[in-house]
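Residue 131 in the working numbering sits at position 130 of the sequence shown; the count goes up by one each step and never skips. In what follows, a structure is listed as structure tokens, so that the remarks can point back to it.
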Amino acid sequence: VTLFIDHGTDMIWEFYHTGKKKFQDALKSFFAKVESYGAGRVLNIKALRSDSEPVYWTDVCKKMARKHNPTIRIEQTPPETPQLNGKVEAAIGRICGKARALLAAAPWLPPSLWQSACEYACERTRISCTRAKQDRVPLLAFDPKADIDLSRLVPFGTPCYYGVTSQQKSLDPTPRFAN
2 VTLFIDHGTD MIWEFYHTGK KKFQDALKSF FAKVESYGAG RVLNIKALRS
52 DSEPVYWTDV CKKMARKHNP TIRIEQTPPE TPQLNGKVEA AIGRICGKAR
102 ALLAAAPWLP PSLWQSACEY ACERTRISCT RAKQDRVPLL AFDPKADIDL
152 SRLVPFGTPC YYGVTSQQKS LDPTPRFAN
């Protein structure tokens, strides 16, 4: 997982990929999402900070960042110093903890739903108030015109039922449990 966090609003973007070599795809998706979020504003990313893994900042990734903003600063922390990426490391710990709690609270769910649990945790973090930012919701602080629809809010792991399929008898109204 690759997390991008806006330090001013605590807005989180998460991208899931199979390995560090897919960072280029995550960066491209991140820039596309940031450009679509702005509610008509031009969002100018001033700096990107990451580990000093050579896989992250290849020439292609640097070129992509400079295309988005020619004056962007690419900050790399020294190897083996996660404490210098404090905000991101703390967010990863919180999201993983929430995902573990979600999966533990729904023992009927398989561990293969780890990514779904992380996505759920990130989404709830985006629409939850934070005391550190004067009780502001990160999504609204980042994009004041964002529409937060709480009617879609359902508990993670809610059992799901589906109706009659074409293979069943059409008069059999009994719903089936989806695993």
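Even for Gly, the Cβ is constructed at its ideal location relative to N, Cα and C. Computed from a predicted structure; not experimentally measured.
query                                                                                                                                                                : result
Going by DSSP in three states, Ser-51 sits in which element: helix, strand or coil?                                                                                  : strand
Does the distance from the C-beta atom of Leu-154 to that of Ala-147 stay below 7 Å?                                                                                 : no
Spatial neighbours of Gly-94 within its chain, please: CB distance less than 8 Å, with the 5 preceding and 5 following residues excluded, ordered by chain position. : none
Decide yes or no for the touch test of the segment 48-56 against the segment 67-79: beta carbon pairs closer than 8 Å, at least 3 of them.                           : yes
Could you tell me the boundaries of the beta strand (DSSP E) in which Phe-157 lies?                                                                                  : Taken as a continuous stretch (DSSP letters only), Phe-157 belongs to no beta strand (DSSP E), as it is neither H nor E.
Comparing C-alpha positions only, which one of Ile-149, Tyr-57, Leu-4 sits nearest to Lys-21?                                                                        : Tyr-57
Measure the alpha-carbon distance for Ile-13 versus Val-61 and round it to whole angstroms.                                                                          : 24 Å
Going by the DSSP bridge assignment, what does Ile-13 pair with across the sheet?                                                                                    : Ile-6
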